[in-house]
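Trainee: Numbering (our numbering), first residue to last: 31 to 295. Think of the CB as a built atom: it goes at the ideal place given N, C-alpha and C, for glycine as much as any other residue. Bear in mind the structure is a predicted one, so any value in this text is a computation, not a measurement.
1. Let me make sure I understand the geometry here. Which of 238, 219, 71 has the alpha-carbon closest to that of residue 137?
2. Let me know the secondary structure DSSP gives residue 125 once reduced to three states.
3. So what does DSSP say about residue 284, is it helix, strand or coil?
4. Go ahead and pull the three-state DSSP assignment for residue 292.
5. Among 82, 115, 36, which residue has its Cα nearest to the Cα of residue 202?
6. Where does the unbroken alpha helix (DSSP H) through residue 220 begin, and where does it stop?
7. Mapping the DSSP letters down to three states, classify residue 260 as helix, strand or coil.
8. Would the stretch 36-52 and the stretch 156-164 be scored as touching if the rule is three or more Cβ pairs under 8 Å?
9. Whole angstroms is fine: what's the gap from residue 93's alpha carbon to residue 261's?
10. From residue 231 to residue 263, what does the alpha carbon distance come to, in whole angstroms?
11. For residue 141, decide whether its Cβ has a neighbour in chain C, counting only Cβ atoms nearer than 9 Å.
12. Using a Cβ-Cβ cut-off of 6 Å (strictly less than) and excluding sequence neighbours within five positions of residue 103, which residues of its own chain qualify?
13. Write down every uninterrupted run of the alpha helix (DSSP H) in the stretch 35-117 whose length is 4 residues or greater and which is fully enclosed by it, in chain order.
14. Taking three-plus beta-carbon pairs below 8 Å as touching, is the stretch 75-92 in contact with the stretch 165-175?
15. Where does the unbroken alpha helix (DSSP H) through residue 159 begin, and where does it stop?
16. First and last residue of the alpha helix (DSSP H) that includes residue 210?
17. Under a three-way DSSP split, which group does residue 140 fall into?
18. Taking the beta carbon of residue 75 as the centre, do at least 16 other beta carbons fall within 10 Å, making it buried, or is it exposed?
19. Could you give the distance in angstroms between the alpha-carbon of residue 229 and the alpha-carbon of residue 199?
20. What is the DSSP secondary structure of residue 172, reduced to helix, strand or coil?
21. Just to confirm my understanding: we take residue 172, look at its own chain, exclude 5 residues before and 5 after, and list those with CB closer than 6 Å. What are they?
22. Measuring CB to CB, does residue 233 end up less than 9 Å from residue 151?
23. Look at residue 67 and residue 132 and say whether their C-beta atoms are less than 9 Å apart.
24. Please identify the residue among 257, 140, 36 whose C-alpha is closest to the C-alpha of residue 82.
25. Pull up the CB-CB distance for residue 84 and residue 170, whole angstroms please, since I reckon it's below 8 Å.
26. Does residue 272 come out as helix, strand or coil in the three-state DSSP assignment?
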């Protein structure tokens, strides 16, 4: 891939977007880990914790880029990335991070938390880089400052314009499709059959987006079972903090819609 070619710039844009949609809330984790420090030390914890996290992420991503050059591993990575793209749409992330009152323990917490959360990011960026270490480094250089200092704004944008997540998931699914058709075991066959290649990529992208949308919309709906009892999906149960001993009273809101008001028994 030539430097500053159209393909290079598109791949770089994809990596930056992947970094943002997958790691946009990592800065929240950083803030949580440093929140109990004195104000004078918080910036230092954020800075050095981020530096350590980026170094580990660069090393891990480059290692995965190298591994994905081996036969069959790109196929495996593509399947994993399809799952990551789907989970991006349906998962609710929980930031259960312990705040540390000392500088170095806070930095250590930031690095460990980022490394633990970063597998999906590493896999996605490695797949989108097309084997280019330069793209990996440039993507991180561009996206990390945005992730750290602009995370709050970016997360607000995601809340206001949820379709951004679908764009990010689509990019991930496209990357997964490219990985599935670009493995050494099948690459030549797909080159000889481009219609099949792009058909498969389109199926992967549309399949992930439709499955994620279906799960998000219909996976949170309350249904009535054969006994006439309400069946509440786990996502809604967790989000609304509904417990087995809760009782409800049926009322109507200002628009005349039936609502259930919860009261703990």
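Mentor: Taking the geometry as given:
1. Ranking the options by Cα distance to residue 137, first place goes to 71.
2. In this prediction, residue 125 scores a pLDDT of 49, lower than 50, which makes its location untrustworthy; the coordinate-derived value is nonetheless stated afterwards. Here residue 125 sits in coil by DSSP.
3. Reduced to three states, the DSSP call for residue 284 is coil.
4. If DSSP states are grouped into helix, strand and coil, residue 292 belongs with the strands.
5. Measuring C-alpha to C-alpha distances from residue 202 to each of 82, 115, 36 identifies 115 as the nearest.
6. Note, residue 220: alpha helix (DSSP H), 217-222.
7. Looking at residue 260 - three-state DSSP - the assignment turns out to be strand.
8. By the Cβ rule, the stretch 36-52 counts as touching the stretch 156-164, because three or more pairs are nearer than 8 Å.
9. Computed Cα separation, rounded: 46 Å.
10. For residue 231 and residue 263, the distance between alpha carbons rounds to 32 Å.
11. This model lacks chain C altogether, as it is built from one protein chain only.
12. Only 97 meet the Cβ criterion.
13. Along the stretch 35-117, the alpha helix (DSSP H) occurs as fully enclosed runs of 4 or more residues at 36-53, 56-64, 69-97, listed in sequence order.
14. As far as the Cβ criterion goes, the stretch 75-92 touches the stretch 165-175, which means the pair count is three or higher.
15. Segment: none, residue 159 is in no alpha helix (DSSP H) and carries neither H nor E.
16. Counting along the chain, the alpha helix (DSSP H) containing residue 210 begins and ends at 193-212.
17. For residue 140, the three-state secondary structure derived from DSSP is helix.
18. Residue 75 is buried by the Cβ-count criterion.
19. Residue 229 and residue 199 have their alpha carbons spaced roughly 18 Å apart.
20. If DSSP states are grouped into helix, strand and coil, residue 172 belongs with the helices.
21. Within the same chain, 46 come within 6 Å of residue 172 by CB-CB distance, once the 5 residues on both sides are set aside.
22. Taking 9 Å as the cut-off, the Cβ atoms of residue 233 and residue 151 do not count as close.
23. Cβ distance < 9 Å, so residue 67 and residue 132 count as in contact.
24. Selected option, being the one with the closest Cα: 140.
25. Contact flag correct, Cβ pair sits at about 6 Å.
26. Correct three-state label for residue 272: coil.
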